[in-house]
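Listed in order, the protein sequences are those of chains A and B.
Going by our numbering, the first sequence opens with residue 1, and the numbers climb by one from there.
Going by our numbering, the second sequence opens with residue 1001, and the numbers climb by one from there.
There are 2 protein chains.
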Amino acid sequence: MNAPEFVHVTYLAHGKPGTDWQKKAQGIAVGLTVGSWTDLPEARKESMQKHLGHVVAAEEIGGGADGQSAALLTIAYPTINFTPDVPALLTSVFGKLSMDGQIRLLDLQLPERFRQQFPGPKYGIDGIRQQLGVQDRPLLMSIFKSVIGYDIDALAEAFYQQALGGVDLVKDDEIFFDETYAPFEQRIEACRKAVERASEQTGKHTLYAANLTGPVTEIFDKAKRAVDAGASALLLNVLTYGYDVLHRLAADRAITVPIMAHPALAGAMYPSAQYGIAAPVLLGKLMRAAGADFVLYPSAYGSVALERAETLKIASALREEQSGVHRSFPVPSAGIHPGLVPFLYEDLGNDQIINAGGGIHGHPQGAAAGGRAFGAAIEAVVAGRTLTEAAETSEELRTALTLWGNPSTR
Amino acid sequence: MNAPEFVHVTYLAHGKPGTDWQKKAQGIAVGLTVGSWTDLPEARKESMQKHLGHVVAAEEIGGGADGQSAALLTIAYPTINFTPDVPALLTSVFGKLSMDGQIRLLDLQLPERFRQQFPGPKYGIDGIRQQLGVQDRPLLMSIFKSVIGYDIDALAEAFYQQALGGVDLVKDDEIFFDETYAPFEQRIEACRKAVERASEQTGKHTLYAANLTGPVTEIFDKAKRAVDAGASALLLNVLTYGYDVLHRLAADRAITVPIMAHPALAGAMYPSAQYGIAAPVLLGKLMRAAGADFVLYPSAYGSVALERAETLKIASALREEQSGVHRSFPVPSAGIHPGLVPFLYEDLGNDQIINAGGGIHGHPQGAAAGGRAFGAAIEAVVAGRTLTEAAETSEELRTALTLWGNPSTR
Ligand SMILES: [Mg+2]
Ligand SMILES: [Mg+2]
């Protein structure tokens, strides 16, 4: 019989000055596990002991919002109370509790044996690098932009232009549901052909992450059809579909491509100081456990920004060593242009994806030039050169820096 | 060809004083639909016109948080841009946007033809009343409490006691995942027998909403097995599984029982004034469209409270007349005891579920007496009598009012 394991969950709670935080924490530990404890007969306590939650810490901290008292509460929940899946986990530790006053889920530690029952990424950073044959630099990804209403031919041509610029991956826009103009499998086949066409010129391979949408009852079959049609990756709006869809896709051996998690809807949960779920849990730990090979999240530098410290914690959750679990690629996103590459590289080094939409498509010389401008920027930072130096030999990068700026020189 | 339809979405946005809200709204309307507009060639504009979002309103309002400017922005999104499911809808109208500054999804209007492609409740208020043969009073529901670690026999006995008290429904606790001690189908069969046993004494029928859990890949089959085993309702943690799971359960004709939506995790999204999704959308409109026959939400009066105005909006979204769509039962919950029944009745009248856990199980004379105390309270308010009057002829109610209070007399 194995020793009992506990999921440790840390909450930030706000309340009236003078709140008895130890009592509050105790109420959570009992209320979300066995329900009540002091009223139980002694015989019953014995058999229920293993289901009981424990208070690990309940410390008042300074800086509560609106003059309130704030506290960090850490509760240990026995893993035998739930099944190893995110719906069970979140429902237990932040289901009813999320509605009970000012409380925010700040951190969550999954113990070893419990975590091993989650799939984790199927390929992870190493597997994807192997597929692409690219080891010692950040990867470059381009986002299909403004695709609503485009037909297969127009998409294939746009794909070809992106691939020609040397990007390692192209991803669908997450709001691309259009199966009238550009049916899913036809789109995948057309993009696969565009990869081959570009590859003849560039000698490089490009992965295509197709947006997996539609009824949850059909999505697993659809993923397999995508693989059969030659898809090289799948994009999933994990938070609108639920983490368990990601989990079951990752656990399915027939789905032989990496899965990219889009953070759509995450902003409904992470930005408040008093409520919700912290981004490193929402987009870091849970995404990796449930099986995301790549996770997009707002970078600290672009148009849709997240605090730098939070982005570093997300990346750390995705990449830290965990025995037997592949590492996920962090994909800091939104408003990325070549001038921002030095900041991203300084923060995360090689094991990340540089991801751009407008920063590639909006290049004055077109999407292929946009990709090459990024390629020159990436090559420069890896070699320890400045973008200004690199721009001397790359006209595309020079144009990009002129248009969007080169803030690392400031 | 049908006239184009639009989903109207209203956001509450905060920003620096002097923000150009018309421009911000225009950016959303274009950015979340066709991506860019002014740069498009004229010929392309013609074919893309039908995909373009429109600004319906962008009005600065007073009372912005932290001295900021606040505005209500209403955008009309063409329904042809997305498929008729909640993941597509939410990803489109609040996916990336949720992360783009201080923005909150406040309201959402689904146009007629688009809404008709959602399942809506399979039975709704009228269908459930017909199953129970109860027309002219609020229904009474009891929550299985402290069930973790209980075996089938203990659960069946607890069920029997609850049914004996005259409750119309019993629901599982939403944190009940335990299939070791109390396997799903055995639990359903044992509770079905307990219903029959109690019914011989009370002459009443009791529905049992079993918590539907486990892998999303198996949940639809599991729901059908539950029906075969004699389940009379299913409980689903909709927000941790995703609305589409509810949608497909509701749309599946083989699942011939009503579905109860639990609000677990909703507090990660609705409480902030600047971020997230308003409760009437999250727990009202989207739950009904996706097919919830019953929706639990925090009442304005109990231990886990929501503002009264918000609870009324949720109930209104669940019950307002919509052609061809059944009405859903509102289930104001958390910390409900008999003394609160007059408030709930004043707010919502007959078409609601009075739902109690501790208020039934914590009754000094046991769960059956706890149910009878509620029954007496409900009978009283429907007849226009006070609880104090009713307590004269109900010892159980008298005990409950003494223990938990009778605030309507204040
Ligand atoms: Mg996008
Ligand atoms: Mg509960």
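Beta carbons are placed, not taken as given, at the ideal position from N, Cα and C, and that holds for glycine.
Counting along the chain, the unbroken alpha helix (DSSP H) around B:Gln1026 starts and ends at Trp1021 to Gly1031. Nearest CB-CB separation between B:Asn1081 and chain A: below the 8 angstroms threshold. Here B:Thr1217 carries a coil assignment [DSSP, helix/strand/coil]. DSSP places B:Tyr1150 outside both helix and strand once states are collapsed to three, so it counts as coil.
Non-local C-beta neighbours of B:Phe1094 in its own chain, meaning closer than 6 angstroms and more than five positions away in sequence, comprise Leu1105, ordered along the chain.
With respect to the 8 angstroms criterion, B:Ala1210 and B:Ala1231 are classified as neighbours on the basis of their beta carbons. Secondary structure at A:Phe176: coil, using DSSP grouped into helix, strand and coil.
Per the Cβ contact rule, the stretch 1203-1221 of chain B is in contact with the stretch 1244-1258 of chain B (3 or more Cβ pairs under 8 angstroms). Approximately 13 angstroms separates the beta-carbon atoms of A:Leu52 and A:Ser92; this is outside 8 angstroms, ruling out the contact. For A:Gly64, the closest Cβ of chain B is not nearer than 8 angstroms. Under the DSSP assignment, A:Leu139 falls in the beta strand (DSSP E) whose first and last residues are Leu139 to Ile143. For A:Phe118, there are no neighbours in chain B by C-beta distance under 7 angstroms, as the nearest C-beta there is about 12 angstroms away. Shown here, B:Lys1222 sits in a helix according to DSSP, grouped into three states. The three-state reading of DSSP puts B:Glu1060 in strand, counting E and B together. Exclusion of the five residues before and after A:Tyr150 leaves Tyr181 and Ala182 as the residues of its chain whose Cβ lies within less than 7 angstroms of its Cβ.
B:Asp1172 has a beta carbon lying at 8 angstroms or more from every beta carbon in chain A. Taken atom to atom, the span from the alpha-carbon of A:Ser142 to that of A:Pro280 is near 24 angstroms. Counting only runs of 3 or more residues that sit fully inside the stretch 332-365 of chain A, the beta strand (DSSP E) segments are 353-356, in chain order. It is roughly 7 angstroms from the alpha-carbon of A:Ala400 to the alpha-carbon of A:Pro338. Contact annotation: A:Ala261 and A:Val245 have beta-carbon atoms that are not nearer than 8 angstroms. Here B:Asp1153 is exposed, its C-beta having fewer than 16 other C-beta atoms within 10 Å. Per DSSP, B:Ser1092 is one residue of the alpha helix (DSSP H) stretching across Val1086 to Phe1094.
The continuous stretches of beta strand (DSSP E) do not include B:Gly1375, which lies in the alpha helix (DSSP H) extending over residues Ala1367 to Val1382. If you check the CB distance, B:Leu1318 and B:Gly1359 do not come in under 8 angstroms. Counting only residues of its own chain and dropping the five nearest sequence neighbours on each side, A:Gln274 has a CB closer than 7 angstroms to the CB of His14, Ala65, Gln102 and Arg104. Neighbours of A:Pro280 in chain B, taken as residues whose beta carbon is under 8 angstroms from its own, are absent, since the nearest beta carbon is some 15 angstroms off. Here the stretch 199-213 of chain A lies against the stretch 162-179 of chain A, with 3 or more beta-carbon pairs under 8 angstroms apart.
For A:Phe294, DSSP records a beta bridge to A:Met260 and A:Phe329.
Under a 10 Å Cβ-count criterion, B:Lys1045 is classified as exposed, with fewer than 16 other Cβ atoms of the shown protein chains found around its own Cβ. Bridge pairing for B:Asp1107: B:Thr1010 [DSSP]. With a cutoff of 8 angstroms on beta-carbon distance, A:Asp100 and A:Ala278 are scored as not near each other.
Secondary structure of B:Ser1069 (DSSP, three-state): strand. The contact set of B:His1051 on chain A, defined by CB atoms closer than 8 angstroms, consists of Ile148 and Gly149 in chain order. When DSSP states are grouped into helix, strand and coil, B:Tyr1301 belongs to the coil group. Nearest neighbour of B:Leu1397 by Cα position, chosen from B:Asp1020, B:Ala1369 and B:Val1381, turns out to be B:Ala1369. Think of a sphere of 7 angstroms around the beta carbon of A:Arg248: the chain B residues whose beta carbon falls inside it are Pro1215, Val1216 and Thr1217, in chain order.
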